[in-house]
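One structure below.
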Amino acid sequence: MAHTFPSADWTAAYKDAVNGNAAYREAGKSWTHGAVAFVVEKDAALGLEKDAALILDVHGGECRAARWVERAVAEAEAPFVIVGKYDRWKDVITGKEDPIKSMMQNKLRLVKGHLPTVIRYVESSRQLVKSAANVDSHWLA
Amino acid sequence: MPVVIELAPGAAENGLVTMLADLLRQNLEDKPHKQADFAKLEGRVAIVAEDAAVALTLEFQRGKLVLHDGIVGIPDVTVRAPSDDVMAMSLVELTSKRALPDPRGETMKKVWEGMRSGRIHVYGALLHAPLMLRLTRVMSVN
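Read top to bottom, the protein sequences are chains Z and P. Position in the first sequence counted from 1, then plus 29, gives you my numbering. Position in the second sequence counted from 1, then plus 6, gives you my numbering.
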């Protein structure tokens, strides 16, 4: 069954996809730096009335929990927060764009978090995003 | 001496500029011993992430850095590489004794291989070796 991106439903399926990605388990096995949040910016045309986020409680190559929350909650709770518009997230999730390249192009922005740590775990970050390609997704546009 | 890192007007829209500014700021905070190298840096270094079609110029002024969108002025050193290799430059391993790039490190091997194969181009590095060496030390998260 396809899960609408973004939603609580999709977030739950994403957790399973992360845990099913052997490459992420390997690349992220020494990650102990806390949760990562992906914020999807509001887009009234798509029915996204406010910024919202998924928080991934990742630790040691495992996603222990995933929640769909308001942006303010994500920014308060997660040590790492990446923000982007809906179509930018769709491009990286579907593999059309690379997440690191997207950050260089300012399509995705790290608004909270220690960048040297992200760079040390660049493959882990990439695999985390790539896991989303295994979610059966329904797109709003 | 305080570290001064500024963005030139309009440069904040360039993701690579904001990433490198944050990286250098946080790296110098985490590793204050790198500030001595930062204080001696003088010159312009252009970095082009070719596959991302993004370029920037680092203008070092002995203790102050201004980051520009695109190539501004005449760079002393120009690095052209795919975005993955640009990021890898921040992961260069340094030797424990003199903080020189460690040729045995995995990242350094990848950089050398990239230069040999023509994937990574570095112009002006030999003429400005002290600038490149200090920049490598300051950028490395290791």
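Where a beta carbon is used, it is the ideal one built from N, C-alpha and C, also for glycine. The structure presented is a predicted model; accordingly, all values stated were derived computationally and were not measured.
In the DSSP annotation of this structure, ALA74(Z) is not part of any beta strand (DSSP E), being labelled neither H nor E. Counting along the chain, the unbroken beta strand (DSSP E) around LYS141(Z) starts and ends at 137-141. Of the candidates GLY76(P), HIS39(P), PRO81(P), the residue whose Cα lies closest to the Cα of LEU133(P) is PRO81(P). Within the same chain, and ignoring the five residues on either side of HIS127(P) in sequence, the residues whose Cβ sits closer than 6 Å to its Cβ are ARG86. By the Cβ test, the region 69-76 of chain Z is not in contact with the region 45-59 of chain Z, since fewer than three Cβ pairs between them sit closer than 8 Å. For ARG155(Z), there is no enclosing beta strand (DSSP E); the residue is found in the alpha helix (DSSP H) stretching over 151-159. Identification of chain P residues near HIS143(Z) by a Cβ-Cβ cut-off of 8 Å yields GLN32, ordered along the chain. Against chain P, a Cβ distance below 9 Å from ILE111(Z) picks out nothing, because the smallest value is about 12 Å.
Look at the beta carbons and you see the region 81-89 of chain Z not touching the region 17-28 of chain P: under three pairs across the two are nearer than 8 Å. With its beta carbon less than 8 Å from one in chain Z, MET25(P) belongs to the interface. Per DSSP, SER166(Z) is one residue of the beta strand (DSSP E) stretching across 166-168. The C-alpha of GLU91(Z) is placed about 14 Å away from the C-alpha of ALA42(Z).
If you look at LYS125(Z), you'll find it isn't in any alpha helix (DSSP H); DSSP assigns it neither H nor E. Annotation: Cβ neighbours of VAL151(Z) in chain P (cutoff 7 Å, chain order): MET93. Between the region 109-129 of chain Z and the region 155-163 of chain Z there are three or more C-beta pairs closer than 8 Å, enough to call the two in contact. Your pair PHE34(Z) and HIS167(Z) checks out as a contact, with CB atoms roughly 7 Å apart and the cut at 8 Å. Around the beta carbon of GLU65(P), a 10 Å sphere encloses 16 or more other beta carbons of the protein chains shown; the residue is thus reported as buried. Bounds of any beta strand (DSSP E) do not take in VAL47(Z); it lies within the alpha helix (DSSP H) bounded by 37-48.
Taking the Cα of VAL147(P) as reference, the smallest distance to any Cα among VAL151(Z), GLY76(Z), LEU137(Z), TRP39(Z) is reached at VAL151(Z). Rounded to whole angstroms, the gap between the alpha carbons of ASP90(P) and LYS130(Z) is 8 Å. DSSP places ASP90(P) in the helix class (H, G or I) of the three-state scheme. Judged by DSSP in its simplified three-state form, ASP28(P) adopts helix. Here DSSP, grouped into helix, strand and coil, assigns THR101(P) to coil.
Straight across, the Cα-Cα distance linking ALA58(P) with TRP118(Z) is about 17 Å.
For VAL98(P) and VAL102(Z), the gap between their C-alpha atoms comes out near 36 Å. The beta carbon of LEU106(P) lies closer than 7 Å to those of LEU100 in the same chain, with the five residues before and after it left out. PRO108(Z) is not a Cβ neighbour of ALA73(Z), given a cutoff of 8 Å.
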